[in-house]
Amino acid sequence: MIFAAIFAAICLGVAITGFVSLGGLTDPTAIEDAKGFAWFWAFLGTIALALGLLAWRISPRPEEGEDG
């Protein structure tokens, strides 16, 4: 779960950097390529977040009042 959060943060950071850097590009082909690159990393970050939340949700937890 922790690794999923770290991986998601890295992926989303790369995606944000990709989207922010679009302003410096002038070639339409390079802009489309950069958008695809940024969306790919945003997708990876979203999947990592979803899998981390799923792992947290299905992990066993001790019941209230249970010793141990």
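Position one of the sequence shown corresponds to residue 86 (the working numbering), numbered consecutively onward. Think of the CB as a built atom: it goes at the ideal place given N, C-alpha and C, for glycine as much as any other residue.
Item to check | Among D112, L110, F125 and I87, the one whose alpha carbon lies nearest that of G98 | outcome: Counting from one through the sequence shown, the residue named residue 98 turns up at place 13. Out of D112, L110, F125 and I87, F125 has the C-alpha closest to the C-alpha of G98.
Checklist entry - Does the beta-carbon of A140 have 16 or more other beta-carbons within 10 angstroms, so that it is buried, or is it exposed? => result Position 55 of the sequence shown, counting from 1, holds the residue named residue 140. Around the beta-carbon of A140, fewer than 16 other beta-carbon atoms lie within 10 Å, marking it exposed.
Checklist entry - From what residue to what residue does the alpha helix (DSSP H) around D118 run? => result Against the sequence shown, residue 118 aligns to sequence position 33. P113 to I143 is the extent of the alpha helix (DSSP H) around D118.
Item to check | G103 - containing alpha helix (DSSP H), residue span | outcome: Taking the sequence shown and counting its residues from 1, one reaches residue 103 at position 18. I87 to V105 is the span of the alpha helix (DSSP H), which, as asked, contains G103.
Next on the checklist: Short of 6 Å in beta carbon distance, which residues of its chain neighbour A93, apart from the five on each side in sequence? Order them along the chain.
Outcome noted: Along the sequence shown, read from residue 1 onward, the residue named residue 93 stands at position 8. In chain order, G130, A133 and L134 place their CB closer than 6 Å to the CB of A93, counting only its own chain and leaving out the 5 sequence neighbours on each side.
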